[in-house]
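Undergrad:
In the numbering used here, the protein residues as written are 57 to 698.
1) With three or more C-beta pairs closer than 8 Å as the rule, is the segment 328-337 touching the segment 210-220?
2) Which stretch, first to last residue, makes up the beta strand (DSSP E) that contains residue 518?
3) In angstroms with no decimal places, state the Cα-to-Cα distance between residue 562 and residue 602.
4) On the DSSP letters alone, give me the boundaries of the alpha helix (DSSP H) that residue 382 sits inside.
5) Pick from 65, 80 and 270: whose alpha carbon is nearest that of residue 72?
6) Roughly how many whole angstroms lie between the Cα atoms of residue 276 and residue 110?
7) For the segment 251-335, which segments carrying the beta strand (DSSP E) assignment without a break, of at least 3 residues, lie completely within its bounds, in sequence order?
8) Using 10 angstroms around the beta-carbon of residue 143, count the other beta-carbons present and answer buried if the total reaches 16, otherwise exposed.
9) Ignore the nearest five residues each way along the sequence and tell me which others in residue 3's own chain have a CB closer than 7 Å to its CB.
10) Considering only their Cβ atoms, is the gap separating residue 246 from residue 321 smaller than 9 Å?
11) So, for residue 630: in the same chain, excluding its five sequence neighbours on each side, which residues have a beta-carbon less than 7 Å away from its beta-carbon?
12) Going by C-alpha to C-alpha distance, which of 349, 99 and 354 sits closest to residue 339?
13) Going by beta-carbon coordinates alone, are residue 539 and residue 449 separated by less than 9 Å?
14) Tell whether a beta-carbon distance below 9 Å holds between residue 491 and residue 510.
15) Please go through the same chain and pick out, in chain order, the residues whose beta-carbon is closer than 8 Å to the beta-carbon of residue 592, but skip the five residues on each side of it.
16) Quick check on DSSP: helix, strand or coil for residue 466?
17) If contact is defined by three or more beta carbon pairs under 8 Å, each pair taking one atom from either stretch, is the segment 531-551 in contact with the segment 457-474?
18) Could you check if residue 634 is buried or exposed, using at least 16 other CB atoms within 10 Å of its CB as the buried criterion?
19) Quick one: grab the DSSP three-state call for residue 130.
20) Within the same chain, show all residues whose beta-carbon is closer than 6 Å to that of residue 442, passing over the 5 residues directly before and after it, in chain order.
21) Quick check on residue 368: buried or exposed, where buried means 16 or more other Cβ atoms within 10 Å of its Cβ?
22) Measuring only between beta-carbons, confirm whether residue 217 sits less than 9 Å from chain D.
23) Under three-state DSSP, which class holds residue 472?
24) Along the chain, where does the alpha helix (DSSP H) that runs through residue 650 open and close?
25) Fully enclosed by the segment 115-201, which alpha helix (DSSP H) runs are 4 residues long or longer?
26) Have a look at residue 350 and residue 148 and give me their C-alpha separation to the nearest angstrom.
27) Residue 397 by DSSP, collapsed to three states: which one?
28) Contact check, residue 155 vs residue 191 under 8 Å by CB: the rounded distance?
29) Using only CA atoms, which one of 344, 662, 266 and 645 lies nearest to residue 310?
30) Using 10 angstroms around the beta-carbon of residue 279, count the other beta-carbons present and answer buried if the total reaches 16, otherwise exposed.
31) Buried or exposed: where does residue 690 fall if 16 or more other Cβ atoms within 10 Å of its Cβ makes it buried?
32) What are the partner residues of residue 100, as DSSP defines its beta bridges?
Structure (structure tokens):
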């Protein structure tokens with residue numbers, strides 16, 4: 057037992073009954089039990105309500121569960137429970153050490169309508185911005201979370217373990233009776249048991265019997281479909297629906313089986329594959345999700361997910377050839393010797409818990425704020441200016457000088473962050489594009505580059521602190537468009553003049569969006585609002601690392617500098633209007649305002665703290681409305697041709 061763990065409590069929160077027998081729940085249970093064996097106090101908490109899209113009962117259950125925990129407690133939140141309630145997590149993120157456990161993103165569930173998938177992606181991206189660290193069960197899922205703006209450095213991959221006592225030598229098939237085929241998974245479209253039934257139905261001449269072990273209640277509609285398919289294919293005497301099984305009953309099924317099959321369309325890891333190996337079983341599985349990697353081991357035959365014909369072929373290779381299956385079983389036993397134990401997994405989690413408690417974890421990285429604000433940024437931006445820019449760029453692209461014709465429009469994006477500007481503009485500009493992404497934060501810039509690649513545009517990464525005297529390296533010769541979002545108010549007047557000068561020399565268009573303009577209002581109003589607003593505006597003029605910032609004067613200052621250089625200026629409001637639907641962003645904004653106002657006017661900290669607490673209460677109750685004024689600016693040179 058690790059003595060440093062003794063007496064320290066940690067908490068696991070899952071949706072519904074923690075004793076459910078699916079892979080995700082068993083993962084949590086075995087980690088919790090093994091941590092407890094190491095001397096740590098462990099509590100598993102089940103939530104009431106509906107998941108993954110929570111109803112009010114689910115939100116209240118999560119909120120109450122978190123509110124009951126002591127300050128600073130480490131809390132491992134199952135992704136199914138927390139993935140769609142960012143506003144609840146936002147209310148507790150400063151007090152607790154929140155850790156997300158993501159088996160696979162909610163939006164990756166098989167069979168979701170497009171609109172629901174999009175909504176789940178948006179909510180989970182915001183929810184992951186609230187946590188201190190993220191656990192995934194496979195490198196595949198860790199890589200997938202890049203799309204959710206989670207930096208690689210903040211993710212810990214803790215693959216499932218197996219119980220060392222489970223591994224044993226299987227008896228070979230005797231030739232008497234059928235081959236016993238086992239599939240352990242709750243009945244659902246993602247687990248795709250219908251694929252397995254249809255594949256086996258075409259092998260009626262071979263001796264086999266299938267046991268489907270898994271709950272039919274988690275997706276009653278699919279459970280009914282499985283029963284109907286069994287009836288339609290006349291498989292009643294060859295298929296057993298065992299329901300949800302645990303403990304000795306599950307161990308008996310493994311001991312009686314000769315072959316394990318996992319036909320899932322998608323898996324975040326596929327824990328049952330390791331359990332099958334630990335029980336000496338050869339495995340047939342798809343290549344869906346993480347199985348593409350975890351399935352490439354001796355003792356496994358893979359097939360393309362959803363391809364029933366190839367699944368049938370894999371089954372025929374072994375069910376029709378007992379000797380080949382026996383050889384595969386031998387390979388499976390060898391692979392079993394390489395499996396990690398639950399002790400290994402628990403040790404990795406213990407290290408993460410210790411690092412999180414000591415502040416070595418994520419500590420709410422800069423991408424949190426960028427992730428939270430991106431949807432509102434995109435909603436607020438001026439589509440009229442974007443269309444005007446697209447029209448100008450089309451003309452420039454079509455009327456290039458000889459030797460330049462056909463060259464993609466070159467775009468320099470300053471202060472790229474995680475790539476929000478790329479995400480917004482790529483699909484709205486109808487010309488071929490090549491981007492240069494510039495930022496001083498390499499970890500954020502890598503995310504921006506990945507997003508550009510996913511959008512199908514070429515992007516060069518430029519890591520540098522964007523000082524006025526070095527802007528030419530971030531805006532190279534041949535640049536057609538200079539753009540930045542939420543940056544102009546952070547830089548100095550000299551910086552803005554350097555930007556205008558460099559852009560004019562290249563006759564490049566300039567699109568600078570989401571610059572604060574000083575307008576801030578809250579509804580319902582409060583007496584202290586003006587005091588806080590004044591302090592915020594003064595704080596915005598502090599040096600942010602690129603000279604004394606222009607703050608809310610930036611839009612007019614930049615417009616003046618560009619106008620002097622012959623540009624045609626167009627501006628539009630791009631205000632945030634944050635309501636009860638934007639609670640996580642409201643809370644993050646209020647927190648930033650409180651910090652800025654307190655730094656600017658430390659003598660008024662008690663009044664600022666009182667204002668902050670009252671406003672947070674209104675935000676959490678969903679009755680607060682915040683308007684933050686921004687300005688979008690488009691400047692077009694007289695010359696369209698470059």
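For glycine and all other residues, C-beta sits at the position ideal for the given N, C-alpha and C.
On a predicted model such as this, the values are computed, not experimentally measured, just so you know.
TA: In short:
1) yes
2) 514-519
3) 23 Å
4) 378-392
5) 80
6) 19 Å
7) 264-269, 295-299 and 315-318
8) buried
9) As displayed, the chain neither begins before 57 nor continues past 698, which places residue 3 out of reach and without an answer.
10) yes
11) 436, 437, 438, 569, 570, 686, 687 and 688
12) 354
13) no
14) no
15) 576, 649, 652, 653 and 656
16) strand
17) yes
18) buried
19) strand
20) 484
21) buried
22) The structure shown contains no chain D; it is built from a single protein chain.
23) coil
24) 639-656
25) 135-138, 142-146, 170-184 and 195-200
26) 36 Å
27) strand
28) 6 Å
29) 266
30) buried
31) buried
32) 68
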